[in-house]
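**Q** Starting off with a structure, shown below.
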Amino acid sequence: QCGTNLSMVAVADKAEQLLGKPVLAINAICLWHALRALHIEDQFSGHGMMLASSEMSAGVSSIATPHVVVAGAGPVGCVAAAVLAKSDVRVTLVEAAPSLPRELRASTFHPATLEMLRPYGVVDEMIARGLVAQHFAYRDRRVGVVARFDLGELRDITNYPFRLQCEQFKLCEILLEKF
173 QCGTNLSMVA VADKAEQLLG KPVLAINAIC LWHALRALHI EDQFSGHGMM
223 LASSEMSAGV SSIATPHVVV AGAGPVGCVA AAVLAKSDVR VTLVEAAPSL
273 PRELRASTFH PATLEMLRPY GVVDEMIARG LVAQHFAYRD RRVGVVARFD
323 LGELRDITNY PFRLQCEQFK LCEILLEKF
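If you're matching positions, the sequence shown starts at 173 in this note's numbering and goes up one per residue.
Given below as C-alpha cells:
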C-alpha cells in the first residue's frame with residue numbers, strides 16, 4: 173500500500189490469507205524499521221506477518237518471483253508501481269474509486285522531483301501538459317512580492333531549472349499510459 177492511508181494495516185492478516193503472500197503497507201514498514209532501529213523487538217499480531225515478526229525475512233525475502241499489489245492509484249501509488257514495473261517486478265495497481273482520483277492535490281513539481289521522475293520517461297509529457305514557471309516568488313498580501321528567484325540560475329546543476337505546475341492526477345495518467 174502506498175500513501176498514508178492506515179486501512180491496509182488493519183486488514184493485512186486477512187489480505188495475506190486471501191493472497192497467500194505477505195502484505196507490506198508502507199506505514200507498517202516504517203514502523204517496523206523505526207522499532208528495529210531503536211532495538212525494540214516488539215511484535216504485533218493481527219497486522220500482517222511483518223509486524224508479527226522481529227525478522228524482516230518472515231515470508232518476505234523467500235518470494236522467488238514477487239508480485240506486488242499496490243493499493244491506491246494516487247501519485248505515490250502510481251510512482252511506486254512504475255518504479256517496480258521498470259525493475260521488472262510484476263505489479264497490480266488497484267484503486268477503490270471507480271476512476272482515477274482527480275480531486276485537487278499538490279500541483280507543483282520542483283527540479284529535484286523532476287530529476288527523480290526522469291528515468292521513467294514521463295517528464296517531457298508532464299511539461300507538455302503543465303506550465304513551466306521560471307521564477308519563484310514569495311509574496312505578502314499587503315506589500316506584494318517580497319523576494320523573487322530566477323530558477324534559471326540552477327541550469328548548471330539540473331536538467332529542469334524551473335518549477336512545473338502540473339496537477340498530480342496528470343502524472344498518474346501519464347504513468348498509467350506508460351506502464
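Glycine included, each C-beta is placed from N, C-alpha and C at the ideal position.
No experiment lies behind these values; they were computed from the predicted model shown.
Have a look at residue 242 and residue 310 and give me their C-alpha separation to the nearest angstrom.
**A** Locating residue 242 in the sequence shown gives position 70, counting from the first residue. Locating residue 310 in the sequence shown gives position 138, counting from the first residue. Cα to Cα, the separation comes out at about 37 Å.
**Q** Can you grab the Cα-Cα spacing for the pair residue 230 / residue 267, in whole Å?
**A** If you number the sequence shown from 1, residue 230 lands on position 58. If you number the sequence shown from 1, residue 267 lands on position 95. Because residue 230 carries a pLDDT of 49, less than 50, the predicted location of this residue cannot be relied on, and the following value inherits that uncertainty. About 27 Å.
**Q** So the alpha helix (DSSP H) residue 253 belongs to, where does it begin and stop?
**A** Numbered from 1 along the sequence shown, position 81 holds the residue referred to as residue 253. Note, residue 253: alpha helix (DSSP H), 247 to 258.
**Q** Thinking residue 247 and residue 220 are a contact (beta carbons under 8 Å), I'd like their distance in whole angstroms, please.
**A** Counted from its first residue, the sequence shown places residue 247 at position 75. Counted from its first residue, the sequence shown places residue 220 at position 48. Between residue 220 and residue 247 the Cβ distance is about 24 Å, and since that is not below 8 Å, they are no contact.
**Q** Could you give the C-beta distance for residue 288 and residue 336, rounded to a whole number, given that I count them as a contact under 8 Å?
**A** By 1-based counting over the sequence shown, the position of residue 288 is 116. By 1-based counting over the sequence shown, the position of residue 336 is 164. Contact flag wrong, Cβ pair sits at about 13 Å.
**Q** Taking 6 Å as the limit between beta carbons, can you name the residues of its chain near residue 274, skipping five residues before and five after?
**A** Here residue 274 refers to the residue found at position 102 of the sequence shown. Here the set comprises 341.
**Q** Go through the region 278 to 326 residue by residue and report every complete run of the beta strand (DSSP E) that reaches 3 residues or more, in order.
**A** Fully enclosed beta strand (DSSP E) runs of 3 or longer: 303 to 305, 307 to 312 and 316 to 322.
**Q** Look at the Cβ atom of residue 306, then the Cβ atom of residue 326, and state whether they are nearer than 8 Å.
**A** Within the sequence shown, the letter at position 134 stands for residue 306. Within the sequence shown, the letter at position 154 stands for residue 326. No; because the gap between Cβ atoms is not below 8 Å, this pair is not in contact.
**Q** Among residues of its own chain, excluding the 5 on either side of residue 339, which ones have a beta-carbon nearer than 6 Å to its beta-carbon?
**A** Position 167 of the sequence shown, counted from the start, is the residue given in the question as residue 339. The residues are 279.
**Q** To the nearest whole angstrom, what separates the beta carbons of residue 294 and residue 347, a pair I think is in contact under 8 Å?
**A** Within the sequence shown, residue 294 is the residue found at index 122, counting from 1. Within the sequence shown, residue 347 is the residue found at index 175, counting from 1. That pair is a contact at about 6 Å.
**Q** For the candidate residues 283, 350 and 312, whose alpha-carbon lies nearest to that of residue 328?
**A** Working through the sequence shown from its first residue, we reach residue 328 at position 156. The shortest Cα separation from residue 328 among 283, 350 and 312 belongs to 283.
**Q** Just tell me which of 204, 192, 304 and 250 has its CA closest to the CA of residue 264.
**A** As a working mapping, residue 264 is identified with position 92 in the sequence shown. Considering only alpha carbons, the answer is 250.
**Q** Look at the alpha carbon of residue 308 and the alpha carbon of residue 269, and state the distance between them as a whole number of angstroms.
**A** Here residue 308 refers to the residue found at position 136 when the sequence shown is read from its first residue. Here residue 269 refers to the residue found at position 97 when the sequence shown is read from its first residue. Roughly 35 Å between the two C-alpha positions.
**Q** Could you spell out the range, first to last residue, of the beta strand (DSSP E) harbouring residue 224?
**A** Walking along the sequence shown from the start, residue 224 turns up at place 52. Residue 224 -> no beta strand (DSSP E), and no H or E assigned at all.
**Q** For a test of the three-state rule: what should DSSP assign to residue 239, helix, strand or coil?
**A** For the purposes of this step, residue 239 is taken as the residue at position 67 of the sequence shown. Residue 239 falls in the strand class under three-state DSSP.
**Q** Would you mind reading off the limits of the alpha helix (DSSP H) that contains residue 347?
**A** Residue 347 sits at position 175 when you count from the first residue of the sequence shown. Element bounds for residue 347: 340 to 350.
**Q** Compute the distance between the beta-carbons of residue 401 and residue 218, then report whether it is under 8 Å.
**A** A question about residue 401 goes unanswered here, because the residues of the chain that appear run from 173 up to 351.
**Q** In chain order, what residues of the same chain lie with their CB nearer than 7 Å to the CB of residue 345, ignoring the 5 residues before and after it?
**A** Against the sequence shown, residue 345 aligns to sequence position 173. Cβ within range, chain order: 272.
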